[in-house]
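Asks: End of the sequence shown = 1233 in this note's numbering, gap-free, step of one.
Questions regarding the structure given below will be posed in turn.
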Amino acid sequence: MEFILLGFSDMPQLQWVLFGIFSFIYLTILMCNGIIILITRMDPVLQTPMYFFLSHFSFLEICYVTVTIPRMLRDLCTQKGTISLFACAAQMCFVLMLGGMEFLLLTVMAYDRYVAICNPLNYALIMNHKVCAQLVAASWISVIPVVIGQTYQIFSLPFCGSNRINHFFCDIPPVLKLVCGDAFVNKMAVHVAVVVFIVAPFLLIMVSYGKIISNIMRLTSARGRSKAFSTCSSHLIVVVLFYGTASITYLEPKPNQYEGMGKLLSLFYTILVPTLNPLIYTLRNKDITVALKKRLHKLLA
């Protein structure tokens, strides 16, 4: 009726060091993404579809890390990783749901950049507020039933033998290793979901950016090309980081994947990438940096 998350129990001498590092990272993610949400909602200049999607993405990042990091911090503090079957299923469900939502939202953001650069005259008409809200809602509606169904399917299987999960949260690969009997159908279902929610969106993003780059190269003004590239580069960096690590984890062809590498990859896309996202978007985005400076000036004045 319960599992034991081993987490980083193989490094007992580093438990409090890791607790301090992950606590700092978690607070940084909350603060930076919270600032992005506030600044994009408060500043009139940032009331555009691009920043509408960015604020939703920042909200998802906060929810995404909150599902995993606080639980991991508790386990590091108490050095007890026991988790009930229901709590494990709930954690997996939310991780998959929020992760899948991020993949789809990154695709929507790529489409937004495609319309802005390749069809600028009709941009305001095509990407009006109603359409933006519908795209976000459609992403949620398409992800939720699939994730709930897949989580139910996995936790309906019989578990026997060891109840020790060599991971810091309930992820699909380590949980499936504890299943009795043949989990071939479930593994195939996972691969199908990966193709639908990771591979297909990634290909759509690449097609969008292929057309964007082609359109940018036709611009005669060097300044125009530079500005167009700068608005897309941040999003493209996040896409490569997030999609790359997640796809390696869930499309790993070897059934006995080195577990330490699995944890390392999971740390990358569940903690490191959400930490880098606000920095990538703020440091490479002049509109946000200008808005932040204005707000800080008003606060300090």
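Cβ atoms here follow ideal geometry from the backbone N, Cα and C, with glycine treated the same way.
I need the DSSP call for residue 1014, collapsed to helix, strand or coil.
Replies: If you number the sequence shown from 1, residue 1014 lands on position 82. Correct three-state label for residue 1014: strand.
Asks: Go through its chain and collect everything with a Cβ distance to residue 1051's Cβ below 8 angstroms, but skip five positions before and after it.
Replies: Looking up residue 1051 in the sequence shown gives position 119. Answer for residue 1051: 1058, listed in chain order.
Asks: So, residue 961 versus residue 1206, is the Cβ gap smaller than 9 angstroms?
Replies: In the sequence shown, the residue the question calls residue 961 occupies position 29. In the sequence shown, the residue the question calls residue 1206 occupies position 274. Cβ atoms of residue 961 and residue 1206: closer than 9 angstroms.
Asks: If you draw a straight line from the C-alpha of residue 1187 to the C-alpha of residue 1130, how long is it?
Replies: Residue mapping note: residue 1187 aligns to position 255 of the sequence shown, counting from 1. Residue mapping note: residue 1130 aligns to position 198 of the sequence shown, counting from 1. Bear in mind that a pLDDT of 46 at residue 1187, under 50, signals an unreliable position, so the model cannot answer this.
Asks: Going by the beta-carbon positions, is the gap between residue 1075 and residue 1149 smaller than 9 angstroms?
Replies: Looking up residue 1075 in the sequence shown gives position 143. Looking up residue 1149 in the sequence shown gives position 217. No; because the gap between Cβ atoms is not below 9 angstroms, this pair is not in contact.
Asks: Thinking just about the alpha-carbon of each residue, which of 994, 1036 and 1096 is nearest to the one in residue 1209?
Replies: Translated into the one-based positions of the sequence shown, residue 1209 becomes position 277. Taking only the C-alpha atoms, the option nearest residue 1209 is 994.
Asks: Are the beta-carbon atoms belonging to residue 1015 and residue 1092 less than 9 angstroms from one another?
Replies: The residue given as residue 1015 occupies position 83 in the sequence shown. The residue given as residue 1092 occupies position 160 in the sequence shown. No, the pair does not count as a contact, with Cβ atoms beyond the cut-off.
Asks: From the DSSP output, read off the bridge partner residues of residue 937.
Replies: Here the question's residue 937 lines up with position 5 in the sequence shown. 1097, per the DSSP bridge assignment.
Asks: Are the stretch 1026-1041 and the stretch 1110-1117 touching by the rule of at least three beta carbon pairs closer than 8 angstroms?
Replies: They do not touch, by the three-pair rule.
Asks: Taking the alpha carbon of residue 1099 as the point to measure from, which residue in 934, 938 and 933 has its own alpha carbon closest?
Replies: As a first step, residue 1099 is located in the sequence shown; it is residue number 167 there, counting from the start. It is 938 whose Cα lies nearest to the Cα of residue 1099.
Asks: Decide yes or no for the touch test of the stretch 1079-1091 against the stretch 1037-1044: beta carbon pairs closer than 8 angstroms, at least 3 of them.
Replies: Short answer: they don't touch.
Asks: Do residue 992 and residue 1034 have their C-beta atoms closer together than 9 angstroms?
Replies: Looking up residue 992 in the sequence shown gives position 60. Looking up residue 1034 in the sequence shown gives position 102. Yes, the Cβ-Cβ distance between residue 992 and residue 1034 is below 9 angstroms.
Asks: Ordered along the chain, which non-local residues of its own chain (more than five positions away) have a Cβ less than 7 angstroms from that of residue 1009?
Replies: Looking up residue 1009 in the sequence shown gives position 77. Contacts found: 951.
Asks: My understanding is that residue 1202 touches residue 997, with C-beta atoms under 8 angstroms, so please give their C-beta distance in whole angstroms.
Replies: Residue numbering aside, residue 1202 sits at position 270 when the sequence shown is read from its first letter. Residue numbering aside, residue 997 sits at position 65 when the sequence shown is read from its first letter. That belief holds up - the Cβ atoms of residue 1202 and residue 997 are roughly 7 angstroms apart, short of 8 angstroms.
Asks: What are the start and end residues of each continuous alpha helix (DSSP H) run of 4 or more residues lying completely inside the stretch 1020-1061, in chain order?
Replies: Listed in chain order, the complete alpha helix (DSSP H) runs (minimum 4 residues) inside the stretch 1020-1061 are 1055-1058.
Asks: Which residues does DSSP list as the beta-bridge partners of residue 1111?
Replies: The residue labelled residue 1111 in the question sits at position 179 within the sequence shown. DSSP, once it has assigned bridges, lists 1091 as partnering residue 1111.
Asks: CA-CA distance, residue 963 and residue 1211?
Replies: What you label residue 963 is simply residue 31 of the sequence shown in a count that begins at 1. What you label residue 1211 is simply residue 279 of the sequence shown in a count that begins at 1. Cα-Cα distance, rounded: 12 angstroms.
Asks: Assign residue 1011 to one of two classes, buried (16 or more other C-beta atoms within 10 Å of its C-beta) or exposed (fewer than that).
Replies: Counted from its first residue, the sequence shown places residue 1011 at position 79. Its Cβ having fewer than 16 others within 10 Å, residue 1011 is exposed.
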